[in-house]
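Here the sequence shown is numbered in my numbering, starting from 35 and rising by one per residue.
For reference, the structure is listed below as structure tokens.
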Amino acid sequence: MYLLISNSNDPHFNLATEEFLLKNSANDIIFLYQNKACIVVGKHQNAIAEINYRFVTENNIPVIRRISGGGTVYHDEGNINFTFLQNGETGKLVNFKAFIAPVAEFLNQLGVPAEIGSRNDILINGLKVSGNAEHIYKNRTLHHGTLLFSSTLTDLRNALHVTEGKYTDRSVKSVRSKVTNIRENLTMDLSADQFFKELTQFLQSYYNAMPFELSSEEIAKIQELAETKYKDWNWNFGYSPDYTFKNCINIGKVLISIELHVKKGKIKETCLEGNIGTGLLKELNNILPGKQHSFSEIKSIAGINREITEENPEFLWSFF
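As structure tokens, this is what we get:
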């Protein structure tokens with residue numbers, strides 16, 4: 035077993051590192067990292083439906099799709115991410131508890147009453163501190179999980195707060211859970227950096243893991259993967275299953291209804307209705323098909339009628 039510690043807090047790079055090592059290494063590896071604020075969605079999810087799109091957009095929080103299934107999670111530098119990349123036998127590659135158990139044991143050694151939950155998570159007094167997901171590639175397993183140590187939980191809740199009923203699709207839905215920080219359950223005072231070091235030392239000893247570093251050539255390939263895939267809107271949002279979006283908004287005394295049919299992240303059909311007397315809705319019905327279902331795209335198009343968009347900024351957000 036080998037141990038790799040990331041020198042980067044760029045979530046695009048770290049997720050690309052996981053995929054690169056899964057597909058281009060034959061070694062068993064533990065990979066530990068922390069990301070700056072971001073949202074990571076499961077491979078089979080409708081990214082836009084899983085997030086508070088306005089909060090995420092206004093706060094410049096990147097949304098990134100991973101290659102494993104499961105639900106949406108929030109990362110920041112108070113969250114520690116652990117990844118296991120391991121070879122195995124066909125039919126025995128999926129084994130969540132084998133990877134989660136050592137992490138739960140580590141928490142218990144710190145005096146935290148951690149237990150493995152029914153959803154392959156780690157709980158403290160019934161509150162979630164770790165979500166886990168897996169992806170199989172040939173004879174290799176990618177298992178990765180989160181550890182909420184001192185995350186900003188208000189940002190987590192705001193970023194993942196969604197209004198039900200706007201999106202209709204066949205995507206995998208996240209199961210929302212009440213969460214807590216590990217730090218709040220410790221009897222000692224540890225910083226996130228100290229906790230990271232303690233976890234590193236425990237896993238290195240537990241697996242007798244040998245530290246290693248990426249070569250400059252490997253880093254270059256990972257950076258290329260980060261740029262071409264993990265920063266690509268077509269992967270992060272366009273990969274979402276087809277969906278229908280419906281919403282209503284009042285502009286003055288006029289009720290406007292919005293219906294969008296979206297495929298691969300792009301609007302295919304629209305039905306915008308409401309008598310606002312400006313011709314804006316008719317024009318948008320003609321222009322929106324073929325455009326990305328994104329705030330920046332709709333804002334640039336809706337700018338054809340600044341009287342509506344400037345006096346009623348909520349109009350633009352009603353498309354999400």
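We treat Cβ as the ideally placed atom computed from N, Cα and C, and that holds for glycine.
When the five nearest sequence neighbours on each side are left out, the beta carbons in the same chain lying within less than 7 angstroms of the beta carbon of TYR273 are those of ARG99, in order along the chain.
Using a 10 angstroms sphere on the CB of GLN68, the tally of other CB atoms reaches 16 or more, which defines it as buried. Every alpha helix (DSSP H) of 4 residues or more that sits fully in the region 99–174 is shown, in chain order, as 130–143. In the three-state scheme derived from DSSP, where H, G and I count as helix and E and B as strand, PRO347 is classed as coil.
In this model, ASN159 and LEU144 are separated by some 15 angstroms (Cα to Cα). Counting only residues of its own chain and dropping the five nearest sequence neighbours on each side, HIS46 has a CB closer than 7 angstroms to the CB of ILE98, ALA260, TYR264, LYS265. Inter-residue distance for THR304 and PHE353 is about 11 angstroms (C-alpha atoms, whole angstroms). In the DSSP assignment, LYS231 falls within the unbroken alpha helix (DSSP H) covering 226–241.
In this structure, PHE140 keeps its C-beta atom at 8 angstroms or more from the C-beta atom of PHE118. In the structure shown, GLN326 falls within a strand segment according to DSSP collapsed to helix, strand and coil. The three-state reading of DSSP puts VAL97 in strand, counting E and B together. Counting the other CB atoms within 10 Å of its CB gives LYS162 a total of 16 or more, which places it among the buried residues.
For the options SER250, LEU55, ARG174, ILE95, the alpha carbon positioned closest to that of GLY125 is the one of ARG174. Within its own chain, the residues whose Cβ lies closer than 7 angstroms to the Cβ of THR186, once the five positions on either side in sequence are excluded, are ASP110, GLY112, listed in chain order.
In this structure PHE279 is in contact with LEU294, their Cβ atoms being roughly 4 angstroms apart against a cut-off of 8 angstroms. Three or more beta-carbon pairs drawn from the region 205–213 and the region 73–88 are found closer than 8 angstroms, and the two stretches are therefore classed as touching. When the beta-carbon positions are compared, ALA193 and ILE95 come within less than 8 angstroms of each other.
When the beta-carbon positions are compared, ALA135 and ALA148 stay at least 8 angstroms from each other. In this structure, the CA atom of ASN86 is about 34 angstroms from the CA atom of GLU232. Residue ARG88 holds the alpha-carbon nearest to the alpha-carbon of SER330 among LYS302, ARG88, VAL107.
Going by DSSP, TYR87 is part of the alpha helix (DSSP H) stretching over 87–92. By the neighbour-count definition (other C-beta atoms within 10 Å, threshold 16), ARG217 is a buried residue.
Note that the C-beta distance between SER164 and ILE170 is not below 8 angstroms.
Ranked by Cα distance from PHE246, the first of ASP44, PRO347, LEU289, LEU66 is LEU66.
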